[in-house]
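Presented below is the structure to which this report refers.
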Amino acid sequence: MLLDLAITGATAVTPDGVLARDVGVRGGKIASIAAPGNLEASTTTIDARGMLLLPGAIDVHTHLDAEMYNAHTIDDFESGTIAAAAGGVTSIIDYAFQREGGSLSDAIARWHAKADGRAVIDYGFHVAILDPSPAAIAEIDSIAARGVTSFKIFMMRGFEARARDFMRAFQAVAEAGAMLTIHAEDEHLIGYCTERLLGAGKFAVANFPASRPPLSEAAAVERGLAMASSAHAAAYFVHLSSGGALDAIRRARARGQAVLAETRPIYLYLNDERFLEPGAEKYVGFPPLRSERDREAVWAAIADGTVDVLATDHCSWNLAHKSAPDRFTRIPPGMANLETLVPMLYSEGVVKRRLSLARFVDLIATNPARIFGMYPRKGAIVEGSDADLVVFDPNRQVVIHSTEMHSRADYDVFEGFEVTGWPRETISRGEVVASDREPSARAGRGRFLERARFNPEWRSR
Ligand SMILES: [Zn+2]
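Heads up: the sequence shown at position 255 corresponds to 1120 in the numbering used here, and the numbers run straight through without jumps.
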C-alpha cells in the first residue's frame, strides 16, 4: 500500500537513538521507520537530506484567549496555535480557569468554546482550580475521566486563606490518578515585599524582581512538596526559575518523592539586568527574571535532568498593555514565546552548550507526552504514533524580529537574538502545517486531546 508521505534522508531523533532513518506516514500515523532507501513507495516525498527529524514539540503551558487584569491575552487559539505550528510545536495544553464559585466543568466548556474551530494543532486542557469548594473537588475524578488529567494550583494568590481546602483538592487529584501542577511563589512573602516597596514609593518596574525574590519560590516549593507528600499527590512544579527551588526538587527526589519540574525559556536566555532597561515592563512575568547565577543554575538543572520539561507559559500582550500601568503590580504578567520554544533551545542549548539531541527532544516532546498522558501517541518518532514531526534545519540562521513572528503580540522578548537552527516543515498528523516559517494550516483542524491519567512509572514506560 502506498504511503501518503515519505520523509527521506534526515537524521531522526528516535527513542532508539539519533539515526539515519526514512519515515513513512499513512492515515496521519507513522507507518514505517526504515533505513535510508528502504521505505515503500509514497504519494508525496519530502527530501530532508541535511535535516534533523524531530517529534513535534508539545508545549504543556500556554494561556490562549485568557482573561486577566481586566483584559484578554492577544493570542487566541487561532493565532496562538499558528505561531506554535510555525515554530515546530504540534500540541499544546492550555490552562482552563475555573471561575470563583464556578464549576470545573464550566471551565472546560468555556475553553472548548475558545478552541473549537480555531486551533490548527492538537490541544488539551489543564484545569486551574481557583475555588476549591466541596462541589469542585467532587468533580475532579469525572473531569479526569474526560481526558483532562491535570489540575493547577496557584500558591501565590488566594491560597493561604484556603490552604486546607486546597490540600483536599490535592488529595482528590491524587485519588483520581491525575497530575497536580503547582505555581510555587509564597503569597505572604510576596505580599510583604511588595507592600514594603510600594510603601517606600518604589513603583517603577526596576523594583519588580525584589517584590518576588528567589526565596519566595524556594519556600513555596518546599511547602508545596510537604503538602503534596502529605496528600500522596505527585506534583509538577511549573516554571521554576531559581537555584534554591531546583535544589529543593533534588532533595525531594532523593527522598523518593514523585516530583516533576518545568522551566520556562525566559529563565534560560534572559536575566534580571533587563529590568534596568527602558521599557522593561515587557519582561514582567511571574516569577521574575533572576540573577545570572540563577540562570546558570537553571541550565545546570536542564543538563543534569532535574528539569523534566521546558514549556513557554505563552501569555501574550501588546506593549500598550504592558507599559500603561503606573506601578509594577499592575503590569499584566507574561509574554508571547511559543514560536521560539524549539529553535531557541536548539541554538542556545544544543549548539552553544552541547546539550544532547536526546535531552533536547526529551525536554520539549517526550517528557511532556509521558508526564501528561499522551505517550506514545505523541512525543516520539515510533511506528503507530501520530505523525507529528518537525523537519528541522540545523544550519538555518535567523535573527528574531517580532514583525516576522506569528503571534499577534507586537514585540518579542528575544528580539535581535541570532539563532542557529529553525524548523523547515512542521507536520501535524501527516499534514504539513507550516513550511519555511509560513503557516498553512486551516483553522479548526486541531483536535482535542483526551489524555490518560498519570503513570508514576512515566520514565520507564
Ligand atoms: Zn502560566
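The C-beta atom is built at its ideal place from N, Cα and C for all residues, glycine as well. Every value quoted in this text rests on a predicted model; they were computed, and no experiment measured them.
Notebook entry, point to check: Are there 16 or more other CB atoms within 10 angstroms of the CB of Ala1026, so buried, or fewer, so exposed?
Noted result: Counting Cβ neighbours within 10 Å, Ala1026 comes out exposed, since fewer than 16 surround it.
Item checked: Own chain, CB closer than 6 Å to Thr1231, minus 5 neighbours either side, in chain order -> Within the same chain, Cβ atoms closer than 6 Å to the Cβ of Thr1231 are found at Gly1244 and Ala1245, the five residues on either side in sequence being excluded.
Checklist line | Rounded separation between Thr879 and Ile872 - CA only | finding: Distance between Thr879 and Ile872, taken at the CA atoms: about 14 Å.
Check: How would you label Leu1141, buried or exposed, when you count the other beta carbons within 10 angstroms and need 16 or more for buried?
Finding: By the neighbour-count definition (other C-beta atoms within 10 Å, threshold 16), Leu1141 is an exposed residue.
Notebook entry, point to check: Does the count of Cβ pairs from the segment 930-943 and the segment 891-904 closer than 8 Å reach three?
Noted result: No contact exists between the segment 930-943 and the segment 891-904.
Next item on the list: Can you tell me which of Val954, Gly1281 and Ala1093 puts its alpha carbon nearest to the alpha carbon of Val1255?
Entry: Closest by C-alpha distance to Val1255, out of Val954, Gly1281 and Ala1093, is Val954.
Notebook entry, point to check: Is Leu1203 closer than 8 Å to Tyr988 when the C-beta atoms are compared?
Noted result: No, they are not a contact pair.
Next item on the list: Write down the C-beta distance between Pro1208 and Val1284 rounded to the nearest angstrom, noting that I regard them as a contact closer than 8 Å.
Entry: Rounded, the Cβ-Cβ distance is 5 Å, consistent with contact.
Check: Does ligand 1 have a heavy atom nearer than 7 Å to the CB of Val890?
Finding: Within the chosen limit of 7 Å, ligand 1 does not reach the beta carbon of Val890 with any heavy atom.
Notebook entry, point to check: Hey, Ala949 and Asp981: beta-carbon distance below 8 Å or not?
Noted result: Contact: no.
Check: Met1092 lies in the alpha helix (DSSP H); which residues open and close that run?
Finding: Note, Met1092: alpha helix (DSSP H), Pro1079 to Ser1095.
Check: Considering only C-alpha positions, which residue in the set Arg1029, Asp1030 and Phe1035 is nearest to Phe1016?
Finding: It is Phe1035 whose Cα lies nearest to the Cα of Phe1016.
Next item on the list: Could you check the C-alpha separation between Ala1098 and Ile1047 for me, to the nearest Å?
Entry: The straight-line gap separating the alpha-carbon atoms of Ala1098 and Ile1047 is approximately 11 Å.
Margin query: For the structure I just gave you, are there three or more beta carbon pairs, one from the segment 1068-1084 and one from the segment 1099-1109, closer than 8 Å?
Written below: Under the Cβ criterion (8 Å, minimum of three pairs), the segment 1068-1084 counts as touching the segment 1099-1109.
Checklist line | Status (buried if at least 16 other CB within 10 Å, exposed otherwise) for Gly915 | finding: For Gly915, the number of other beta carbons within 10 angstroms of its own is below 16, and it is reported as exposed.
Checklist line | When Arg886, Met866 and Leu1062 are compared against Leu919, the one with the closest alpha-carbon | finding: It is Arg886.
Next item on the list: Say yes only if the C-beta of His1186 is nearer than 7 Å to one or more non-hydrogen atoms of ligand 1, and no if none qualify.
Entry: It does not: the Cβ of His1186 is nowhere closer than 7 Å to a heavy atom of ligand 1.
Margin query: Measuring CB atoms only, is the segment 1138-1153 touching the segment 1180-1193, in the sense that at least three cross pairs come out at less than 8 Å?
Written below: Contact between the segment 1138-1153 and the segment 1180-1193 is established, with three or more Cβ pairs separated by less than 8 Å.
Item checked: CA nearest to the CA of Thr1059, picked from Phe1319, Arg1195, Val1103 and Ile1002 -> For Thr1059, the nearest C-alpha among the options comes from Arg1195.
Check: For Glu1050, which three-state DSSP category applies?
Finding: Glu1050 sits in coil when the DSSP states are folded into three classes, being neither helix nor strand.
Next item on the list: Would you mind listing the alpha helix (DSSP H) stretches within the segment 940-997 that are 4+ residues and don't spill past its ends, in chain order?
Entry: Correct list: 942-951 and 969-980.
Checklist line | Buried or exposed (CB count within 10 angstroms, at least 16 for buried), Leu1175 | finding: When all chains shown are included, Leu1175 counts as buried.
Next item on the list: Enumerate in chain order the residues of its own chain whose CB-to-CB distance from Gly1066 is below 7 Å, with the five nearest sequence positions on each side excluded.
Entry: Here the set comprises nothing.
Notebook entry, point to check: In terms of residue numbering, what span does the alpha helix (DSSP H) encompassing Glu1004 cover?
Noted result: For Glu1004, the uninterrupted alpha helix (DSSP H) run begins and ends at Pro999 to Ala1010, by DSSP.
Checklist line | Proximity winner among Gly1199, His1271 and Gln1262, relative to His937 (alpha-carbon distances) | finding: The candidate whose alpha carbon is nearest that of His937 is Gly1199.
Next item on the list: Please classify Arg1326: does DSSP put it in a helix, a strand, or coil?
Entry: With a pLDDT of 49 at Arg1326, under the threshold of 50, the modelled position of that residue is not reliable, and the figure given next carries that caveat. In this structure, Arg1326 counts as coil in the three-state DSSP scheme.
Notebook entry, point to check: What residue does the alpha helix (DSSP H) around Lys1187 start on, and which one ends it?
Noted result: Per DSSP, Lys1187 belongs to the alpha helix (DSSP H) from Leu1184 to Ser1188.
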